[in-house]
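When we follow numbering that gives the first Met the number 0, the leftmost residue of the sequence shown carries the number 0, and every step to the right adds one. Note that the Cβ used here is the ideal one computed from N, Cα and C, for glycine as well. All of these numbers come straight from a predicted model, not from anything done at the bench. Please read the structure below before turning to the comments.
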Amino acid sequence: MNLPLHFGLLGTLEAGLIALLVGLLVYTLWHRLCRWAQWSMGHAIGWSCVIAVIVSAGIDAWKLFYMGMMRLESPLYARLFLASIHDPNELGSRVVLEVAGALGGVALGWMIFSSRSGEKNATHD
Numbered sequence: 000m001n002l003p004l005h006f007g008l009l010g011t012l013e014a015g016l017i018a019l020l021v022g023l024l025v026y027t028l029w030h031r032l033c034r035w036a037q038w039s040m041g042h043a044i045g046w047s048c049v050i051a052v053i054v055s056a057g058i059d060a061w062k063l064f065y066m067g068m069m070r071l072e073s074p075l076y077a078r079l080f081l082a083s084i085h086d087p088n089e090l091g092s093r094v095v096l097e098v099a100g101a102l103g104g105v106a107l108g109w110m111i112f113s114s115r116s117g118e119k120n121a122t123h124d
């Protein structure tokens, strides 16, 4: 995310909460777009999940993938790469919580908006 977060577990939880808010915001925008275009809510849920995960966990997930796939044989290259990561000790758990937070935000948005539409349909029947 490239935000100045705390180190350790607190920074990981902060990243997860930010991802939750990103997922909620992205679902809100896609929900409005799908209602306007008369698409199914499956489009809103699917695209919201994809975009929220890319926005919230994209950079950290790429760094985790790169660190696992590239051969950092030289101590200099390893040190330079690790210096570019905010908290290399918590990178894996931060990626997991960012993905879970983004998907949880989309699910929370779906629950909020589906309960509102259910109330509107119940009053019109």
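So within the segment 8-94, which uninterrupted beta strand (DSSP E) runs reach at least 3 residues, ignoring any that extend past its ends?
none
In whole angstroms, what separates the C-alpha of residue 51 from that of residue 45?
So the alpha carbons of these two residues sit roughly 10 angstroms apart.
With H, G and I counted as helix, E and B as strand and the rest as coil, what does DSSP make of residue 6?
coil
With distance defined between alpha-carbon atoms, name the residue in 94, 65, 67 nearest to residue 53.
Measuring C-alpha to C-alpha distances from residue 53 to each of 94, 65, 67 identifies 94 as the nearest.
In or out: residue 101 buried (at least 16 other Cβ within 10 Å) or exposed?
buried
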